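Scroll down for the structure; my scribbles are underneath it.
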Amino acid sequence: MSFSFPALSGSPTERYADLASYAKALVDGEPDRIANAANLAALVKALVPDLNWVGFYFFDGAELVVGPFQGLPACIRIPLDRGVCGAAARTRTTQRIDDVHAVPDHIACDGATNSELVVPLIRDGELIGVFDLDSERPGRFSDDDQRGLEAVAAVFIDSLA
Ligand code: SME
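Its first residue numbered 1, the sequence shown is counted upward by one per residue in UniProt numbering.
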């Protein structure tokens, strides 16, 4: 099996609609969370510009543990009371941070990161983990980016067995 995903073009809405349909095609018929997280991280890193880290943390019942990602090696375990990822998991709301250096308990995995978006992954009311994206560009994530990347997170959640 091979996949071909043309570069995204058009308005942000058009680009993220195409990204969501590529994401659905990539996980179609596959319920394995490691496989789908790995492929979705690779898809987003390849097609969405200006990202230095894209990946998943999974909740193990106590804390977040790093899962499939694209980027530099990252912090392995994040307690729910720490960092931007912990805040997303604890509050179950997307965290969009224009300047991570302004967040006192931000956990710097890649020192080049300046902005971050973290989407909580909730399935049937249960915390599965978070989808985390970092950028070297301050203020990288707009409303369109947030909506589009939340849609990719929803594709991941819907794919799970
Ligand atoms: N910056 C995150 C930690 C994860 S890394 O960005 C991959 C945080 O503050 O939770």
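Built from N, CA and C at the ideal position, the CB exists for glycine as well.
This structure is a prediction, so every number in the text was calculated from the model and none was measured.
Which partner residues of Q95 appear in the DSSP bridge assignment?
Paired residues: V118.
Tell me the DSSP secondary structure of E30 in three-state form.
Note: E30 maps to coil in three-state DSSP.
For G83, does the three-state DSSP call read helix, strand or coil?
Here G83 sits in helix by DSSP.
With H, G and I counted as helix, E and B as strand and the rest as coil, what does DSSP make of I157?
In the structure shown, I157 sits in a helix (DSSP, three-state: H, G or I).
Would you say G83 touches the ligand SME, meaning its beta carbon is less than 6 Å from a heavy atom?
Under cutoff, so the answer is yes.
Cβ of I76 versus every heavy atom of the ligand SME: is any distance shorter than 6 Å?
Not under cutoff, so the answer is no.
Which residue marks the beginning of the beta strand (DSSP E) containing D134, and which one marks its end?
From DSSP, the beta strand (DSSP E) with D134 extends over 126-135.
Closer than 8 Å is the cut-off here; do at least three beta carbon pairs connect the stretch 78-90 with the stretch 139-150?
No: fewer than three Cβ pairs fall under 8 Å.
Can you list, in chain order, the residues of its chain whose CB lies under 7 Å from that of R96, leaving out five sequence neighbours each side?
Excluding positions up to five away in sequence, the list reads L117, F141, Q146.
In angstroms, rounded to a whole number, what distance separates the CA positions of S21 and A42?
So the two alpha carbons sit approximately 15 Å from each other.
I need the straight-line Cα distance from T113 to P31, nearest angstrom please.
Whole-angstrom Cα-Cα distance: 32 Å.
Among Y57, P73, G61, A74, which residue has its Cα nearest to the Cα of G67?
Answer by Cα proximity: Y57.
From K24 to V155, what distance separates their C-alpha atoms?
So the alpha carbons of these two residues sit roughly 6 Å apart.
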